[in-house]
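Trainee: The structure under discussion is supplied below as structure tokens; questions concerning it will follow.
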Ligand code: ADP
Ligand code: ASP
Ligand code: MG
């Protein structure tokens, strides 16, 4: 007998028929002799609706109250799934984060998990129940409701699987696995049978929304066997694995994009030690994450320009903070209409020429590169947001990702 955590995302619980489908899947796994924990998201669109309600009251909301409001969607779907299981003759119990002591820190809206109390869940499982846990939510030491950031139910599921030492964590969603890029943008993208934790981590952190980044970090850290599957179709999905020797052979294994960043340039700042630290320090003090950074020396002058990206949601605040900070800059410029497009692959570690192939392909389409950042296993560029889809398709073609792994370019 295995213990399986099944996670169902928003679309997969989006209608009553789909709620019934979730109940059948959970019951089928139980009939096969397994203990089953189900983690659910809010019904499709519900969390967006709740965020909009909050923003209707004020855009300068208290994050504690934001979490009270946006966590509510999951309460409804847990109750509906548990009721559907019972209506089909099974035994089920739903729990909210606070009821099972899903403990997090107090960083409202992006809380980090501290520990999960498994006693109550284990007792119910032993009694033959299917346990239905609200994804996305937790509770801090002070008893306040917290949430794990958008897309956080993936992380809830993997954390539960790790805490309960589950044999498997199945993430059911609206695609049948992880693809070489978002199949909605590139219909000829290929499904991967397996993907290494490291590559999935890069894909997720560079924008592939199929799994929340934090869920992949936890899966890797606790060696949780994670599979991504379609909730309405049968199939083998994509398995996350430690190593994937096949992938070492190809230069690039996936393309990701992210439209959630904005670019800020601080022009004409004095060129002396400590200036970059102080400007970026103002961002850190305001709790704003800075991603890509470049600094350019203006030729023949004693000033320099600093360009960096921040989350789009923090863009206005970042500009306001910089205006108040008296940086000594000549000018402050910003552009929220940018996108980051990235090529990812463990195979690029040992090969050169990936960047050149990438830049050439973009140039052929007339796409201007505004910023570049590289690491051992990825290259990212910032471009004009309106070229995102074209860039993703172009790079997918340039690295022949639609082909069988054996037929792709290997450098
Ligand atoms: P859920 O509500 O089930 O959590 P999400 O919308 O969060 O689902 O994630 C699934 C979506 O992720 C897919 O519909 C797809 O458009 C998108 N996606 C982005 N990149 C990829 C990729 N590389 N492979 C598969 N899906 C991807
Ligand atoms: N319902 C939350 C969201 O929409 C969490 C999730 O779906 O994973 O972000
Ligand atoms: Mg999701």
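In my numbering, the protein residues as written are 44 to 454. Note that the Cβ used here is the ideal one computed from N, Cα and C, for glycine as well.
(1) Rounded to the nearest angstrom, what separates residue 142 and residue 408 at their Cα positions?
(2) Can residue 397 and residue 295 be called in contact, C-beta distance under 8 Å?
(3) Identify whether residue 268 lies in helix, strand or coil by the three-state DSSP scheme.
(4) In whole angstroms, what is the alpha-carbon distance linking residue 183 and residue 437?
(5) Let me check understanding here. Comparing Cα to Cα, which of 168, 344, 156 lies closest to residue 81?
(6) Using a Cβ-based criterion (distance less than 7 Å to any ligand heavy atom), does residue 455 qualify as near ligand 3?
(7) Determine the extent of the alpha helix (DSSP H) in which residue 397 is found, giving its start and end residues.
(8) Any heavy atom of ligand 3 closer than 7 Å to the beta-carbon of residue 217?
(9) Rounding to the nearest angstrom, what Cα-Cα distance links residue 346 and residue 312 in this structure?
(10) By how many angstroms is the C-alpha of residue 210 removed from the C-alpha of residue 358?
(11) Taking the alpha helix (DSSP H) that residue 255 belongs to, which residues open and close that run?
(12) Kindly provide the ranges of any beta strand (DSSP E) runs that are 3 or more residues long and lie completely inside the segment 152 to 189, ordered along the chain.
(13) Measuring only the C-alpha atoms, how far is residue 218 from residue 339?
(14) Taking the alpha carbon of residue 67 as the point to measure from, which residue in 158, 204, 154, 274 has its own alpha carbon closest?
(15) For ligand 3, is there any heavy atom lying closer than 7 Å to the beta carbon of residue 396?
(16) So residue 299 is in the beta strand (DSSP E); what residue range does that whole segment cover?
(17) Give the straight-line distance between the Cα atoms of residue 45 and residue 229, rounded to the nearest whole angstrom.
(18) Could you pull out every residue in the same chain whose Cβ sits closer than 6 Å to the Cβ of residue 352, ignoring the five residues on either side in sequence?
(19) May I ask you to verify whether the segment 411 to 421 touches the segment 377 to 392, counting CB pairs closer than 8 Å and requiring at least 3?
(20) Using beta-carbon positions only, say whether residue 164 and residue 133 come within less than 8 Å of one another.
(21) When DSSP labels each residue in this structure, what does residue 230 get in the three-state scheme?
(22) Where does residue 383 fall in DSSP's three states?
(23) Are residue 112 and residue 96 closer than 8 Å when you measure CB to CB?
(24) Based on the DSSP secondary-structure assignment, which residues constitute the bridge partners of residue 418?
(25) Our contact map puts residue 426 next to residue 410 with C-beta atoms below 8 Å; I'd like the distance itself, whole angstroms only.
(26) Could you tell me if the beta carbon of residue 252 falls within a distance shorter than 7 Å of some heavy atom in ligand 3?
(27) Going by beta-carbon coordinates alone, are residue 8 and residue 270 separated by less than 8 Å?
(28) Since residue 353 is in the beta strand (DSSP E), which residue starts that stretch and which ends it?
(29) From the DSSP output, read off the bridge partner residues of residue 442.
(30) What whole-angstrom Cβ distance do residue 122 and residue 85 have, given they're in contact under 8 Å?
(31) Based on the DSSP secondary-structure assignment, which residues constitute the bridge partners of residue 148?
(32) How would you call residue 399, buried or exposed, if buried means at least 16 neighbouring beta carbons within 10 angstroms?
(33) Does the distance from the C-beta atom of residue 381 to that of residue 432 stay below 8 Å?
Mentor: Quick answer:
(1) One C-alpha to the other measures close to 54 Å.
(2) yes
(3) coil
(4) 45 Å
(5) 168
(6) In the structure as shown, the chain starts at 44 and stops at 454, and residue 455 therefore has no counterpart that could be examined.
(7) 397 to 407
(8) no
(9) 5 Å
(10) 42 Å
(11) It is not in any alpha helix (DSSP H) - residue 255 carries neither H nor E in the DSSP assignment.
(12) 156 to 159, 173 to 177, 180 to 182
(13) 42 Å
(14) 274
(15) False, no ligand heavy atom lies under 7 Å from that Cβ.
(16) Boundaries of the beta strand (DSSP E) harbouring residue 299: 297 to 301, taken from the DSSP string.
(17) 37 Å
(18) 304, 306, 334, 335
(19) yes
(20) no
(21) coil
(22) strand
(23) yes
(24) 421
(25) 5 Å
(26) Inclusion of residue 252 in the 7 Å shell around ligand 3 follows from its C-beta lying nearer than that to a non-hydrogen atom of the ligand.
(27) Here the chain comprises residues numbered 44 to 454, so residue 8 is not present and cannot be evaluated.
(28) Residue 353: member of the beta strand (DSSP E) spanning 346 to 354, first to last residue.
(29) For residue 442, which the question treats as bridged, DSSP gives no partner whatsoever.
(30) Actually they are not in contact, since the Cβ atoms of residue 122 and residue 85 sit about 12 Å apart, beyond 8 Å.
(31) In DSSP, residue 148 forms no bridge with anything.
(32) Exposed.
(33) no
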